[in-house]
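S.K.: FYI, the numbering for the sequence shown is 1 to 230, going by full-length UniProt numbering.
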Amino acid sequence: VIQWLIFFQMISNLDCNFYDQVSKLASKTCLNNVQNIQTNSITECVLHCGLNQCMESVRDQNGRCYCTNEEHCISNEEEDSELVSWIKAPFELLTNEPICYSGRDNDFASFIISREGRVKAFKLVHVSGAIYCSSPAINKKPSTWGCNHWAFPENHFLTIISNANNKIIIQKTHDSTQDKYGKEFLLTANEPMDFRKNEELRVWYGEDFHNTTEHDNTGRQCIRVYARFC
């Protein structure tokens, strides 16, 4: 009885206006192969998938709730698709003030996990400054998340998040869907990552982390860090 009271209290306190909700076409055949439950509201679906399983919530127009990932079951085939609501947990700001780092001399940027929990993704948002991955005479344009140099492809990234022991927690070296000159950079984990409250993490420029070809790097940039908890 107590567990059910807690559950219904969670439902009443959860405001889905803070969740990212979009309408997308999903394959009916694909969804039929995903375990689902009947729900009375989007809130109930979010609680079932997001909080319990750290997955994204998909709810069709008949109230069936599916726990899946965004890339799964998306369909452009109109004959085999239906319009569904895709709901994601919001990003939470972890750094009230911008944190700054450079591209050399172990000059990383530290931030603290605000609460215990599982994190599915980090979002880094550029605030100010710039890092040049070679001398300004050669590298006249900075790259926010990678290196503007002929040796690196356009979709190559050099941004790393490590723990306090300098073990890599998450990185993305290649991603054709993101812009290394962009304002934001999204790092999504294959599996949810468990963190303790007040655990320290570090943002690095890749060449500085690996202590390679960093001698000619110049500049410093500041960012804000967000996390998407389950």
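A virtual CB, placed ideally from N, CA and C, is assigned to each residue, including glycine.
Helix, strand or coil, according to DSSP, for phenylalanine 209 in the structure here?
M.R.: helix
S.K.: Which first and last residues belong to the beta strand (DSSP E) in which residue 231 is found?
M.R.: The structure shown does not extend to residue 231, since the chain spans only 1 to 230, so no value can be given for it.
S.K.: DSSP state of histidine 149, grouped into three classes?
M.R.: coil
S.K.: Grouping DSSP H, G and I as helix and E and B as strand, with all else coil, what is histidine 174?
M.R.: strand
S.K.: Could you give the C-beta distance for leucine 186 and lysine 123, rounded to a whole number, given that I count them as a contact under 8 angstroms?
M.R.: 5 angstroms
S.K.: For isoleucine 113, name the three-state secondary structure that DSSP assigns.
M.R.: coil
S.K.: Go through the region 42–72 residue by residue and report every complete run of the alpha helix (DSSP H) that reaches 4 residues or more, in order.
M.R.: The alpha helix (DSSP H) runs of length 4 or more contained entirely in the region 42–72 are, from start to end of the chain, 42–46.
S.K.: Name, in chain order, the residues that DSSP records as bridge partners for glutamate 214.
M.R.: Answer is none; glutamate 214 lacks a bridge partner.
S.K.: Please check the pair residue 301 and glycine 63, which I expect to be a contact at CB under 8 angstroms, by giving their CB distance rounded to whole angstroms.
M.R.: Within the shown structure, residues of the chain are numbered from 1 to 230, placing residue 301 beyond reach of any answer.
S.K.: Consult DSSP for lysine 24 and reduce its assignment to one of helix, strand or coil.
M.R.: strand
S.K.: Kindly list the residues whose CB is nearer than 6 angstroms to the CB of glycine 219, restricted to its own chain and excluding five residues on each side of it in sequence; keep chain order.
M.R.: Ala130, Ile131 and Tyr132
S.K.: Below 7 angstroms CB to CB, which residues in the same chain sit around tyrosine 181 once its five sequence neighbours on both sides are set aside?
M.R.: Spatial neighbours of tyrosine 181 in its own chain (CB-CB distance under 7 angstroms, excluding positions within 5 residues in sequence) are listed in chain order as Ser143 and Thr144.
S.K.: Are isoleucine 112 and glutamate 200 touching if we call contact CB-CB under 8 angstroms?
M.R.: yes
S.K.: Look at the alpha carbon of asparagine 60 and the alpha carbon of threonine 212, and state the distance between them as a whole number of angstroms.
M.R.: First, the residue type needs correcting, since residue 60 is aspartate and not asparagine in the sequence shown. Here the alpha carbon of aspartate 60 sits roughly 50 angstroms from the alpha carbon of threonine 212.
S.K.: Are the CB atoms of serine 85 and leucine 25 nearer to each other than 8 angstroms?
M.R.: no
S.K.: Expressed to the nearest angstrom, what Euclidean distance is found between the alpha-carbon atoms of arginine 224 and phenylalanine 91?
M.R.: C-alpha separation (whole angstroms): 12 angstroms.
S.K.: Could you tell me the distance, in whole angstroms, from the CA atom of phenylalanine 209 to the CA atom of histidine 149?
M.R.: 18 angstroms
S.K.: Relative to the C-alpha of lysine 88, which residue among Leu158, Asn40 and Glu56 is closest?
M.R.: Glu56
S.K.: Below 8 angstroms on the Cβ atoms is my contact criterion, and I expect arginine 104 with serine 162 to pass it. Report the Cβ-Cβ distance as a whole number of Å.
M.R.: That pair is no contact at about 16 angstroms.
S.K.: Suppose you measure from the CA of cysteine 54 to the CA of histidine 215; what does that come to, to the nearest Å?
M.R.: 41 angstroms
S.K.: Can you find the residues in the same chain that come closer than 8 angstroms, C-beta to C-beta, to proline 98, ignoring five residues on each side of it along the sequence?
M.R.: Closer than 8 angstroms at the Cβ level, and outside the excluded window around proline 98, lie Val127, Ser128, Cys222, Ile223 and Arg224.
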